[in-house]
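K.L.:
In our numbering, the protein residues as written are 102 to 553.
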Ligand code: SAM
């Protein structure tokens, strides 16, 4: 969905050029691709249905774990022979990390651009259009954010909106500060104008994005903090739901819970990555909080007047993680009772402090710990979701599964809800669903025709 109608083609010629973007990784990458697509539409490009039909193929990459980074090179290999007819570009974290090395490994690539340089993308694209062959955007020292006149939003019901880019934390395992650059908050006026434009074009749910979304600090004279900004975005006429991700525990304050309690439009979900349940490992990871400090924040959330769903990220097998440390992560899981969890085996990454530590946990042991963790979490999710059987949930409908005769959407706590309905054309609507069954990853119910 386009938030603004694209301008008349500036690319000129009888047939405008076409582009295709493949995206790997997190929501921030997905949204970056939407903005990059907006830049290309503004230059008169049209979207192609697949890479084979495109004149310009861009890979927006993720390097958070080694596997994700490897995938990009195998994908690039597929285009070696087609490179005479096409321009190929690598964007995102692998681009920033590998830089001009990419031209050595895949000489058919014309553009390498990290996310901190996307603001220069119009000029870089103009350079390759003019025949440039090794065009790069790899600056990290920036205090600018990536603002686009047009954003091609792929989801017509829920819109991503960046409020802060980059990261100033120095987590020992993480490539983000090296691939996305320093933290840069967008001025509140730019954010609120975008939220108003989204509402005007029919969006009712906004997800505010940032690597550390809750360390937002308005750089303009208004000087809004994160919670003030949350309240302002929810006050935009037409916006019914506001989410935000990812919160860093260090910046998580009690007033975020108070804001959720007093603002119905703020969704009852907080993603608060803990990474480990052991203070010793947290220290080695440079996470800036202890197990006890993290649990205190969980206590604030659990003390809210309405139930707030809590999700997290955990890494197992970080260098030095002993069986006792892992047991502490398991006991934290038991104590917090997360509603969902993203869990990973530690993967050593270039240019991170953890690379200097001895990777003490063998791969097989990492795998064993991950399976134990994931099975336990599965049981927790089954139990938590079962408590919702018999309740009525408000669902924003975003999919129709015709073969199954079901609709699907998300509750405010971000759970997937599949349901049947006697009605047609529900996409984009908020409906009440009575839950009659629960699994580890979703709820099943039926549409209740009277309002909640
Ligand atoms: N900025 C967020 C934070 O600080 O919590 C999340 C960043 S990252 C895109 C998402 C998750 O990937 C992290 O929370 C972490 O659990 C995982 N991750 C990051 N680096 C990793 C590594 N080297 N090995 C395994 N997992 C990693």
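From the three backbone atoms N, C-alpha and C, an ideal C-beta is built for every residue, glycine too.
Look at residue 91 and residue 214 and say whether their C-beta atoms are less than 8 angstroms apart.
P.N.:
There is no way to answer for residue 91, as the model of the chain reaches only from 102 to 553.
K.L.:
Please indicate yes or no: does the CB of residue 272 lie closer than 7 angstroms to some heavy atom of the ligand SAM?
P.N.:
yes
K.L.:
In this structure, does DSSP put residue 150 in helix, strand or coil?
P.N.:
DSSP places residue 150 in the coil class of the three-state scheme, outside both helix and strand.
K.L.:
According to DSSP, is residue 179 helix, strand or coil?
P.N.:
In the three-state DSSP reduction, residue 179 falls in the coil class, being neither helix nor strand.
K.L.:
To the nearest angstrom, how far is the alpha carbon of residue 254 from that of residue 516?
P.N.:
Roughly 22 angstroms between the two C-alpha positions.
K.L.:
Any chance the CB of residue 158 is under 7 angstroms from a heavy atom of the ligand SAM?
P.N.:
no
K.L.:
So which of 281, 393, 146 and 408 has the shortest CA-CA distance to residue 245?
P.N.:
281
K.L.:
Can you find a heavy atom of the ligand SAM that lies under 7 angstroms from the Cβ of residue 414?
P.N.:
yes
K.L.:
From residue 541 to residue 370, what distance separates their C-alpha atoms?
P.N.:
17 angstroms
K.L.:
Name, in chain order, the residues that DSSP records as bridge partners for residue 508.
P.N.:
501 and 520
K.L.:
What is the C-beta distance between residue 156 and residue 188, in whole angstroms, given that I count them as a contact (C-beta under 8 angstroms)?
P.N.:
7 angstroms
K.L.:
Comparing alpha-carbon positions, which option in 192, 373, 423 and 185 lies nearest residue 122?
P.N.:
Here the closest residue by C-alpha is 192.
K.L.:
Where residue 136 and residue 424 are concerned, what is the direct C-alpha to C-alpha distance, given to the nearest angstrom?
P.N.:
44 angstroms
K.L.:
Measuring CA to CA, which of 140, 195, 294 and 342 is closest to residue 224?
P.N.:
140
K.L.:
Rounded to a whole number of angstroms, what is the C-alpha to C-alpha distance between residue 262 and residue 289?
P.N.:
12 angstroms
K.L.:
Compare the C-alpha of residue 396 against each of 526, 374 and 550 and name the closest.
P.N.:
374
K.L.:
Report yes if the C-beta of residue 55 is less than 7 angstroms from at least one heavy atom of the ligand SAM; otherwise report no.
P.N.:
Missing from the structure shown is residue 55; the chain here goes from 102 to 553 and no further.
K.L.:
Under the criterion of a Cβ to heavy atom distance below 7 angstroms, does residue 195 qualify as lining the ligand SAM?
P.N.:
The answer is no for residue 195.
K.L.:
Rounded to whole angstroms, what's the CA-CA distance from residue 549 to residue 211? Just pull it up for me.
P.N.:
54 angstroms
K.L.:
Strictly by DSSP, which residues pair up with residue 122?
P.N.:
159
K.L.:
Have a look at 420, 520, 352 and 498 and flag the residue whose alpha-carbon is nearest the alpha-carbon of residue 447.
P.N.:
420
K.L.:
Is it true that the CB of residue 299 sits closer than 8 angstroms to the CB of residue 260?
P.N.:
yes
K.L.:
Do you know offhand how far residue 165's Cα is from residue 449's?
P.N.:
9 angstroms
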